[in-house]
Amino acid sequence: MPQFSLYDEEFHPSPWQRTWASFKASHISMLGLIMLALFVVCAVFAPLITPYDAVEQNIDGLLIPPSWVTNGSISHLFGTDALGRDLFTRIIYGCRITLGSAFITVVLAMLVGVSLGTFAGMLRGVRSSIANHLLDALMAIPTLLIAIIIVAILGTGLVNSMWAITLALIPQFVHHTRSFVRAEMKKEYIVASKLDGASKWQLFVHSILPNMTEMLVVQSTLALSIAVIDISALGFLNLGAQSPLPELGVILADGLDVAYLAPWNVAVPGMAIFFMVLSINIVGDGLRSALRKRVSH
Amino acid sequence: MIQILVRYCTLFVLTLLVLAIISFSLAYLFPGDTLENLTGLVPENDIQRAALERQFKLDQSYIFQFFYYVGNLLTGDWGYSFTSGLPLREEVGIAMPATIELATYAMLMALFVGVPLGYYAGIRCYSTSDHLINSVSITTYSFPVFWFALLLILIFSLQLDAAPMSGRISLLYDIEPVTGFILIDILLSDIENKSLAFKDALSHIALPTFSIGAIATASMIRVTRRSVIDVKHRPYIAAALSRGLSSWQIFFRHILRNALLPILPLMAIQITTLITNAMIVETLFSWPGIGNWLIQAIYQRDYPALRIGMMAVSFVVITLTILIDLFNRMIDPSREKYERATV
Amino acid sequence: MPMLDIKNLTLEMQSSEGAIKALDKVNLSVSSGEIRALVGESGSGKSLIVSAICGALPNQWNLTADRMSWNGENLLGMSVQQRREVMRREIAVVFQDPQASLDPSATLGEQLEESIPDEFVQGSWFWQRAQQRKKIAISTVHKVGIKHHKHYLSAFPHQIPADIGQKFMIAMALVSQPKLLIADDPTRGMEPTTKTQILKLFTRLNQTRSLSILFVSHDLLAIASMSHSMTVLYAGQTVESGKMKHIKKRPLHPYTKALLDSAPSFRKDLPPKSLLPTLSGSIPTLQHLPIGCRLGPRCPRAQRACVQTPAVRKIHDHSYSCHYPLHMEKL
Chain A
257 MPQFSLYDEE FHPSPWQRTW ASFKASHISM LGLIMLALFV VCAVFAPLIT
307 PYDAVEQNID GLLIPPSWVT NGSISHLFGT DALGRDLFTR IIYGCRITLG
357 SAFITVVLAM LVGVSLGTFA GMLRGVRSSI ANHLLDALMA IPTLLIAIII
407 VAILGTGLVN SMWAITLALI PQFVHHTRSF VRAEMKKEYI VASKLDGASK
457 WQLFVHSILP NMTEMLVVQS TLALSIAVID ISALGFLNLG AQSPLPELGV
507 ILADGLDVAY LAPWNVAVPG MAIFFMVLSI NIVGDGLRSA LRKRVSH
Chain B
53 MIQILVRYCT LFVLTLLVLA IISFSLAYLF PGDTLENLTG LVPENDIQRA
103 ALERQFKLDQ SYIFQFFYYV GNLLTGDWGY SFTSGLPLRE EVGIAMPATI
153 ELATYAMLMA LFVGVPLGYY AGIRCYSTSD HLINSVSITT YSFPVFWFAL
203 LLILIFSLQL DAAPMSGRIS LLYDIEPVTG FILIDILLSD IENKSLAFKD
253 ALSHIALPTF SIGAIATASM IRVTRRSVID VKHRPYIAAA LSRGLSSWQI
303 FFRHILRNAL LPILPLMAIQ ITTLITNAMI VETLFSWPGI GNWLIQAIYQ
353 RDYPALRIGM MAVSFVVITL TILIDLFNRM IDPSREKYER ATV
Chain C
8 MPMLDIKNLT LEMQSSEGAI KALDKVNLSV SSGEIRALVG ESGSGKSLIV
58 SAICGALPNQ WNLTADRMSW NGENLLGMSV QQRREVMRRE IAVVFQDPQA
108 SLDPSATLGE QLEESIPDEF VQGSWFWQRA QQRKKIAIST VHKVGIKHHK
158 HYLSAFPHQI PADIGQKFMI AMALVSQPKL LIADDPTRGM EPTTKTQILK
208 LFTRLNQTRS LSILFVSHDL LAIASMSHSM TVLYAGQTVE SGKMKHIKKR
258 PLHPYTKALL DSAPSFRKDL PPKSLLPTLS GSIPTLQHLP IGCRLGPRCP
308 RAQRACVQTP AVRKIHDHSY SCHYPLHMEK L
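Chains as they are written, first to last, in my numbering: chain A, 257 to 553; chain B, 53 to 395; chain C, 8 to 338.
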């Protein structure tokens, strides 16, 4: 007689698998993810996709309208700008620069912020509470102000604006890491590990860090959207990336001069920034709901 | 109670001290010769240089210079701007209220439009109206503020000609700057056609306020909605329902209070973003605020202006943040240490 | 004529594996002036029954019942308004964790005064009404045994100890003068002294005001001393139901016997190192409910007939559903 099992083999998905399953279930989040993936592909494969060079000026073809207007031609998909540079190429390279530098900024801020925050969270006593309050108060300084100061000291340029935004994002990571570590240190599984003889480093790497990944992912998506907007804002104000570097804010600022004659110069880079931030926000929201559903089920 | 006040006062003074140290050391960090950066004068020979140094106390130790600097700040001698030569105190005194006015109106808009909408969306969560409000708010929140302002200018000022695109008020009116807030000044002044001037000022202030306010409102809606949804699922709401309390009572006594309390600490971060956005938008609308002034200063490398401007803006922001934290601490009965709500 | 009458209540949920019946033909009835205990292990569905009676079931559950009536009126057929009226005036619920059931941003006094129904408060001016509310609050709080009312009524929920909290929840339940009090595991996690105080309070309320109580718990020692009748629930099925003294003397269902045996006894004449008799295994999860009688896999007397759900049989008020009950070998 064939052996039959009374109980089916149970499929127990791991926490990450459950999060992915519930993220996949929401159509809007998947749409956001596809958009974001598109931007990332553009950013990574920019030299392969673009037909022209980003800074090559073409005096004969100034202010050609985009291809969907009757005057435009398909050879310049989004038209050209006031110096004859192809806008499509500039936008693709712009995605690369804006998204790439925002990504690097967030990673750097996360590394520094998490280390500082863990250090502050595992400390105790009066020192930590003073450091906390000070940090919280300093967290209130506007990003633009920090950027202006750094530009005044170091000069303009994309790298300097990246330093400014990293400095502005660090306090957020420090605050959230610190409160998370403090809450976790009170939990019993940490006490159990300590009684087993774990050192502080081992506690951090094996017990706290794996639980911190979700919070970090959520914070990073928030920080990424802020970083993209801030880098393009600084580029727009000519405090960050400088012309002719095709950063999206710089393209927008260049297009401002001819905004009335050739509105696509202003519309297209703005749409690019808008969709980039929108996709990051949608993915971030979807991740947060998926993580929340996982906890409440 | 007194303990809390003392604690916050010490925190305030400490933070200001740190800021003063940073702003003082900026003079030495700026590229170029320190003396030229501070005074704007280029000494021609060594004797002049020595005299100037003695005058501006640059030959003394750093600590002494720092105390001299703080003393100057407190007495009101803030130095002179490079570009205009005017005393910085006057310039900041004109520019700061303009920005504060803009930020205040945007904040009021965010509070009075954003919080009720977010509350409504949270109460009817996962229904059609909630999805609508949520999508609108996430879309608005994703707009880069400068592009949003540009679009508003292009549509309303240039196409429809509905609102002017620069300045605070038309040049025809001459308003005496009593408080620095233009709407209040109009009401306080004694020109004949007050209502016309008021309408004109309103039309000037409409677009900048809307561009900043829309993004702040979207942020407020998201935060409030999340807080209301969290509170709705708590067990005490279910317990209150089982006692048979009516919906109105539950919504307006229990959910409202508990949902609004965690949002207050987030207001501090909102103010920061609001002021950053205000500074960016001021350049587009030629609004004579501190953001515009600082950005012009950095274009022209006006170092004394940068130092004082940074000090002024940080001072305002930190005061507001600490006041909000203090207020929060005093009215909330159930927290010993505070955690911020999330989005 | 029982006050609360539930017959064949079935609670179903659609899940990825099919329909899951969390409650399967549950029968429960509470008469006027009696204390009925609803006993079952964790996971047997006791809290679901309480939510079903309150009308606070989450949306994904499907409820069907042959009869679910309160004082003769069908609860399922009522509109939301009427249901809420019943909940407000006639049925009161005391939940498990007192601190979680209280609004952390309001004082205890405010919350108590808010629950006082308007009909009890007369007075033409609003300050008269407010004063009356305060008076009723203080008297109710005294009735449950909280002495320093001034201190506690102006405190916040996170400042009070657990036993005062639970007594306060009972006071909040009593203030609308209900006819049935549902206590959903109110003494969970309490020390014995506090537990006895609360149980004595329940007994006193039942005797002085003839308040019926539905006491949901798994603590047999507490229940055995104070309840008049008992319903035993296992994995969503009622296995036995009847008067307390009959069940204690002669439990008919193997599960009831196992429950009664497993309560630790403090008798002095027990031999040393005597085993605590338990039923092997544990309660099945919702995804793997056995067909027929759900105790089947664990029951020591199970035979082939147990794959069909046994019908409910009744002997003089004592009903049981088992194919092979104890003490009934000859039948």
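C-beta: ideal position from N, C-alpha, C; glycine also.
The shortest CA-to-CA distance from Gly-411 of chain A to any of A:Ser-455, A:Gly-496 and A:Asn-467 is the one to A:Gly-496. Contact between the region 329 to 341 of chain A and the region 499 to 515 of chain A is present: three or more C-beta pairs spanning the two stretches fall below 8 angstroms. Beta-bridge analysis with DSSP links Ile-98 of chain C to C:Leu-187. In this structure, DSSP gives Asn-78 of chain C a state outside helix and strand, which the three-state scheme calls coil. The beta carbon of Met-286 of chain A lies closer than 7 angstroms to those of Lys-280 in the same chain, with the five residues before and after it left out. At the C-beta level, Leu-206 of chain C and Met-233 of chain C come within 7 angstroms of one another. Cβ neighbours of Tyr-80 of chain B within its own chain (closer than 7 angstroms, five residues either side excluded): Thr-86. Nearest in C-alpha terms to Ala-107 of chain C, of all of C:Leu-83, C:Met-176, C:Thr-17 and C:Glu-41, is C:Met-176. In terms of Cβ geometry, Ile-145 of chain C and Leu-188 of chain C do not form a close pair [threshold 7 angstroms]. At a cut-off of 7 angstroms, the C-beta of Ser-294 of chain B has a neighbouring C-beta in chain C. Among the residues of the region 111 to 129 of chain C, those with a Cβ less than 9 angstroms away from any Cβ of chain B are Pro-111, Ser-112, Ala-113, Thr-114, Glu-117, Gln-118, Glu-121, Ser-122 and Pro-124, in the order of the chain.
Closer than 7 angstroms to the CB of His-306 of chain B there is at least one CB belonging to chain C. Close partners of Val-407 of chain A in chain B (Cβ separation under 7 angstroms): Ile-350.
Counting the other Cβ atoms within 10 Å of the Cβ of Gly-137 of chain B gives fewer than 16, which makes it exposed.
By the rule that beta-carbons nearer than 7 angstroms mark a contact, Gly-526 of chain A touches chain B. The three-state secondary structure of Val-447 of chain A, taken from DSSP, is helix. With respect to the C-alpha of Tyr-132 of chain B, the residue from B:Leu-126, B:Glu-142 and B:Gly-123 having the closest C-alpha is B:Glu-142. Near chain A, meaning a CB-to-CB distance below 8 angstroms, the residues of the region 181 to 210 of chain B are Ile-190, Thr-191, Tyr-193, Ser-194, Phe-195, Pro-196, Val-197, Phe-198, Trp-199, Leu-202, Leu-203, Leu-206 and Leu-210. Within chain B, no residue has its CB atom less than 7 angstroms from the CB of Ser-272 of chain C, the nearest being about 36 angstroms off.
Met-441 of chain A: member of the alpha helix (DSSP H) spanning 414 to 441, first to last residue. Taking C-alpha positions only, Phe-134 of chain B is separated from Leu-346 of chain B by approximately 13 angstroms. The CB of Met-85 of chain C never comes closer than 7 angstroms to any CB in chain B; the least such distance is about 13 angstroms. Straight-line spacing of the CA atoms in Phe-344 of chain A and Ile-73 of chain B works out to 47 angstroms.
Glu-96 of chain B sits in coil when the DSSP states are folded into three classes, being neither helix nor strand. The distance from the Cβ of Met-272 of chain B to that of Ala-162 of chain B is about 5 angstroms, consistent with a contact at the 8 angstroms cut-off.
Classified as buried, Asp-541 of chain A has 16 or more neighbouring CB atoms from the shown chains inside 10 Å of its CB.
Interface residue (Cβ-Cβ distance to chain B less than 7 angstroms): Ala-518 of chain A is not classified as such. Contact between Val-484 of chain A and Leu-355 of chain A holds: their C-beta atoms lie close to 7 angstroms from each other, under 8 angstroms. Neighbours of Arg-91 of chain C in chain B, taken as residues whose beta carbon is under 7 angstroms from its own, are Gly-296 in chain order.
Judged by DSSP secondary structure, Tyr-80 of chain B falls within the alpha helix (DSSP H) whose first and last residues are 54 to 81. In the displayed model, Phe-531 of chain A falls within a helix according to three-state DSSP.
Secondary structure at Arg-101 of chain B: helix, using DSSP grouped into helix, strand and coil.
DSSP places Glu-470 of chain A within a helical segment (H, G or I) once states are collapsed to three.
Counting along the chain, the unbroken beta strand (DSSP E) around Ser-248 of chain C starts and ends at 244 to 250.
When C:Arg-195, C:Val-100, C:His-260 and C:Leu-218 are compared, the shortest CA-CA separation from Cys-306 of chain C is found for C:His-260.
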